[in-house]
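Each remark here refers to the structure printed beneath this line.
Protein chains: 2
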Amino acid sequence: MRRPTIKDVAERAKVSLKTVSRVINNEPSVMQATRTRVLHAIAELDYEPDPSARNLRSGTPFVIGLVYDNPNPYHIIGVQNGVLAACRETGFGLQIHPCDSTSPLLVEELIEWVQRSRLAGLVLTAPMSERVEVTGALAARGIPLVRIIAATEDPQDGQACVYVDDNDAAYEITEHLIQLGHQRIGFLWGGTLHRSSQERYDGYARALADYGITLDKHLVVQGDYTFDDGFRGARRLLALRDPPTAIFGSNDEIAAGVLAAAKSAGMNVPYDLSIAGFEDSPFSRQSWPPLTTAKQATEEIARHAARLLIGRLREDAYADASVAIHNKGFVPQLVVRGSTAPMRPREARPPTPA
Amino acid sequence: MRRPTIKDVAERAKVSLKTVSRVINNEPSVMQATRTRVLHAIAELDYEPDPSARNLRSGTPFVIGLVYDNPNPYHIIGVQNGVLAACRETGFGLQIHPCDSTSPLLVEELIEWVQRSRLAGLVLTAPMSERVEVTGALAARGIPLVRIIAATEDPQDGQACVYVDDNDAAYEITEHLIQLGHQRIGFLWGGTLHRSSQERYDGYARALADYGITLDKHLVVQGDYTFDDGFRGARRLLALRDPPTAIFGSNDEIAAGVLAAAKSAGMNVPYDLSIAGFEDSPFSRQSWPPLTTAKQATEEIARHAARLLIGRLREDAYADASVAIHNKGFVPQLVVRGSTAPMRPREARPPTPA
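One line per chain: the protein sequences are A and B, in this order. The UniProt record's numbering applies: residue 1 is where the first sequence begins, and numbers increase by one. The UniProt record's numbering applies: residue 1 is where the second sequence begins, and numbers increase by one.
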């Protein structure tokens, strides 16, 4: 026997599909007599609503999940607010899930979360979004995804993504420092698990090469996207026999750490040392001097990612769309502030405290 | 006629309450014949499941909501992570809802959100948690709540809450400045909608009174819990004919704004000006010099609040509880760092730039 559908129920009860759906989902706006008729029809046909269809049809709310592993509260709040903006315009709810991107059980943890919380889809941020074994496993389980990644172009792998071209922006920052006369420019890495960190390094290295400056490996320090790593990295660079005259931190928190290290060493920023960050977080405007950085439209990027996901989950969400729903790239823009200045000739500088 | 209950349905269909609940929630583990019987009984009795009871019984996952309106990302992330810790230990999900606490439609917005997202309960932070017209209206709609508030003691109004004694902590900070020799101590308010701001001011005023220092109203400036308001407020205080020798900002962001204002005026902190903040956000450790502040256990406070809510929603959640679930108070602790120092006699100081 053919399995009965919601249409069979509607025909037998002589009501619309919408009404059957309302009864199934216990919505209040159905007359008692109609409701009774529908319930009898459901019982007689032994119709069993598909729980997932139920989710998608109405009643049960649409909820998407946001996954992140990032040490920077300003960045996280920016991403959350961007995703929430898209949720609000479509009536979706948002569940959040900070995670440990290095956990060997990450995929299982995410699948369990999606099932338990009946999430309609996920917004994945870096570094999870950049690991094929994670995105592949989730996609194989039929979990709708959108990824926010660092890349110079759309990977065109058929999956939804928003890509941020950190490489070009990092090139611009490095070029700005070179044009101020700096030749010895330190570079502090962000987390190596984030592709953004590699892209920023590549942009830095490319600019040096284009201007004929040899990359000195002593001026490059590994670390994470944190203030503390910026502080430590800068201390190491400033203790060199031939220290850099400018330091490019992979994000604003790192750059703020560099600033604190320079000040604790009695240096006058930007005259003794130029410092640049990345992201244009509020942090970068609140230091003294404020930081030269690359403005990343974090909220807008996250909002577009969530729209991309929601548009795929509910085709009518952006039907009348002034909002075009397709993969999209963003390039952060150079913002020059007080933390960078023309290099002073060495003889004009007092000896650098170690 | 008496409204039929789930018990009436179970009796008529000759099944257990649990089975009726399973049918209502479309769980798969019910035999077809039984299911048909239950659906007929529901139709005949015209039984209407209570959507909230439905939530609590099974199927639909437990999700709580977190409501906040706070300009400080570090604080928000701390609260989120505390609530998430309690959610993880009990399998609850978390939806977040930043809101505009001044919206005249706030109550309607929250009720609509709870219903649409089928939330089991809410964690309310200040200032929403401190407005009786908000908490009262939500409680009247049967929405389980826990409040995080600023108060010196448990209000004992029968509602769940976690209270933070900002008053005593602010007293301690002010006392620390007085003991360093400061008499002219500026105070910068946080948002007037937050009771914490009033409590911190009261602690400040009480300490001055106890030490026989007359409160000079010119040294008190209104503002919000933001860096920018700290910057503006400090500029105003430093431009006074007889400026303060110490400034107490109502939170760390305000204090960081004071620090930037002092530096931009060429002052040497702490020797020309002592600065204290409140909350011990990572922010306070990342400025130079790092800020004297009051350590508020934000994550722990939020975690306890969520446990309080979850324990009331699901009696078995902490049944074996090493975790005692009752209202609880927290007192932030003074942390002395480099931004406060003994007052220098006036003649030893250079003229203050305006």
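No residue lacks a Cβ here, since even glycine has one placed at the ideal position from N, Cα and C. Just so we're clear, the structure is a prediction, and the values are computed from it rather than from any experiment.
When you compare only the Cα positions, how much space is there between residue i and residue j?
| i | j | result |
| --- | --- | --- |
| A:ARG88 | B:ASP252 | 31 angstroms |
| A:LEU17 | B:ASP157 | 48 angstroms |
| A:ALA13 | A:THR36 | 9 angstroms |
| B:GLN179 | B:LEU208 | 11 angstroms |
| B:ARG344 | B:ASP272 | 8 angstroms |
| A:LEU110 | A:ARG200 | 29 angstroms |
| A:SER281 | A:GLY82 | 14 angstroms |
| A:GLN222 | A:ALA265 | 21 angstroms |
| A:GLY186 | A:THR293 | 15 angstroms |
| A:TYR225 | A:GLN286 | 18 angstroms |
| A:LEU237 | A:LEU215 | 14 angstroms |
| residue 356 of chain A | B:GLN95 | Nothing in the structure corresponds to residue 356 of chain A, since chain A is present only between 1 and 354. |
| B:ARG118 | A:THR90 | 17 angstroms |
| B:LEU240 | B:GLY233 | 11 angstroms |
| A:ALA10 | B:LEU45 | 21 angstroms |
| B:GLY329 | B:VAL79 | 16 angstroms |
| A:TYR163 | A:ARG303 | 13 angstroms |
| A:ALA85 | B:LEU177 | 44 angstroms |
| B:GLU315 | A:VAL63 | 26 angstroms |
| A:ASP8 | A:VAL134 | 41 angstroms |
| A:MET267 | A:PHE278 | 22 angstroms |
| A:GLU172 | B:SER101 | 41 angstroms |
| B:ARG206 | A:VAL220 | 53 angstroms |
| B:ILE325 | B:TYR318 | 8 angstroms |
| A:ASP242 | A:PRO342 | 18 angstroms |
| B:VAL23 | A:PRO71 | 45 angstroms |
| B:ARG116 | B:GLY65 | 12 angstroms |
| B:ALA137 | A:PRO144 | 38 angstroms |
| B:THR298 | B:THR125 | 11 angstroms |
| B:GLU130 | B:ARG141 | 18 angstroms |
| A:MET31 | B:ARG2 | 18 angstroms |
| B:GLN296 | B:THR152 | 14 angstroms |
Please confirm whether residue i and residue j have their CB atoms less than 7 angstroms apart.
| i | j | result |
| --- | --- | --- |
| B:GLY190 | B:PHE227 | no |
| A:THR340 | A:PRO270 | yes |
| B:ALA120 | B:LEU334 | no |
| B:PHE231 | B:ALA260 | yes |
| B:ALA306 | B:VAL123 | yes |
| B:HIS291 | B:SER250 | Here residue 291 of chain B is Leu; the residue named in the question, His, does not match the sequence. No, Cβ-Cβ distance for B:LEU291 and B:SER250 is not below 7 angstroms. |
| A:HIS194 | A:PRO127 | yes |
| B:TYR47 | B:PRO4 | yes |
| B:ILE77 | A:ILE76 | yes |
| B:PRO244 | B:ARG184 | yes |
| A:ASN167 | A:ASP210 | no |
| A:ILE247 | A:ILE275 | yes |
| A:LEU308 | A:VAL146 | yes |
| B:THR34 | B:VAL15 | yes |
Can you round the beta-carbon distance between residue i and residue j to whole angstroms, since I take them to be within the 8 angstroms contact cut?
| i | j | result |
| --- | --- | --- |
| B:ILE148 | B:ILE301 | 6 angstroms |
| A:HIS40 | A:VAL67 | Actually they are not in contact, since the Cβ atoms of A:HIS40 and A:VAL67 sit about 44 angstroms apart, beyond 8 angstroms. |
| B:SER196 | B:ALA150 | 4 angstroms |
| A:TYR204 | A:ALA170 | 5 angstroms |
| B:ASP229 | B:VAL331 | Not quite, the Cβ-Cβ distance comes to about 26 angstroms (not below 8 angstroms), so this is no contact. |
| A:PRO289 | A:ARG337 | 7 angstroms |
| A:ASP154 | A:ASN327 | 5 angstroms |
| B:ALA43 | A:ALA139 | Incorrect: roughly 42 angstroms between the Cβ atoms, too far for contact. |
Does at least one heavy atom of the ligand GDP sit under 6 angstroms from the Cβ of residue i?
| i | result |
| --- | --- |
| A:ILE77 | Among the components of this structure there are no ligands whatsoever, and the ligand GDP is therefore not found. |
Does chain E have any CB closer than 7 angstroms to the CB of residue i?
| i | result |
| --- | --- |
| B:ASP280 | Although the question refers to chain E, the structure presented lacks it and instead comprises the protein chains A and B. |
Quiz item: Name the residues in the region 282 to 300 of chain B whose C-beta lies less than 7 angstroms from a C-beta of chain A; which are they?
Solution: GLN286 and TRP288
Quiz item: If you scan the region 221 to 308 of chain A from start to end, which runs of the alpha helix (DSSP H) of 4 or more residues do you find wholly inside it?
Solution: The region 221 to 308 of chain A contains these whole alpha helix (DSSP H) runs: 227 to 238, 252 to 264 and 282 to 286.
Practice problem: Any chance you could list the beta strand (DSSP E) runs of at least 3 consecutive residues sitting entirely within the region 139 to 174 of chain A, in chain order? | Solution: Fully enclosed beta strand (DSSP E) runs of 3 or longer: 145 to 150 and 161 to 164.
Self-check item: Length-filtered (4 minimum) alpha helix (DSSP H) runs lying within the region 55 to 100 of chain B
Solution: 73 to 90
Quiz item: What residues in the region 238 to 256 of chain A have a beta carbon less than 7 angstroms from any beta carbon of chain B?
Solution: So the close ones are ALA256.
Exercise. Taking only beta carbons into account, state which residues of the region 143 to 174 of chain B come closer than 8 angstroms to chain A, listed in chain order.
Key: The region 143 to 174 of chain B vs chain A, Cβ under 8 angstroms: nothing.
Quiz prompt | Contact residues within the region 201 to 218 of chain B, judged by C-beta distance below 9 angstroms to chain A | solution = Per Cβ criterion, the list is empty.
Quiz item: Taking a cut of 7 angstroms between CB atoms, which residues from the region 261 to 272 of chain B lie near chain A?
Solution: LYS263 and SER264
Quiz item: What are the residues of the region 87 to 103 of chain A that lie near chain B, defined by any Cβ-Cβ distance shorter than 9 angstroms?
Solution: GLY91, GLY93, LEU94, GLN95, ILE96, HIS97 and PRO98
Quiz prompt | chain B contacts made by the region 5 to 16 of chain A, where a contact means CB separation under 8 angstroms | solution = none
Quiz item: Taking only runs of the alpha helix (DSSP H) that begin and end inside the region 1 to 50 of chain A, which ones reach a length of at least 4 residues, in chain order?
Solution: 6 to 13, 17 to 24 and 32 to 45
Self-check item: Cβ-based contacts, 7 angstroms cut-off: residues of the region 66 to 78 of chain B near chain A
Solution: PRO73, TYR74, ILE76 and ILE77
Quiz item: Where are the alpha helix (DSSP H) runs, 4 residues long or more, that stay fully inside the region 105 to 136 of chain A, in chain order?
Solution: 106 to 116
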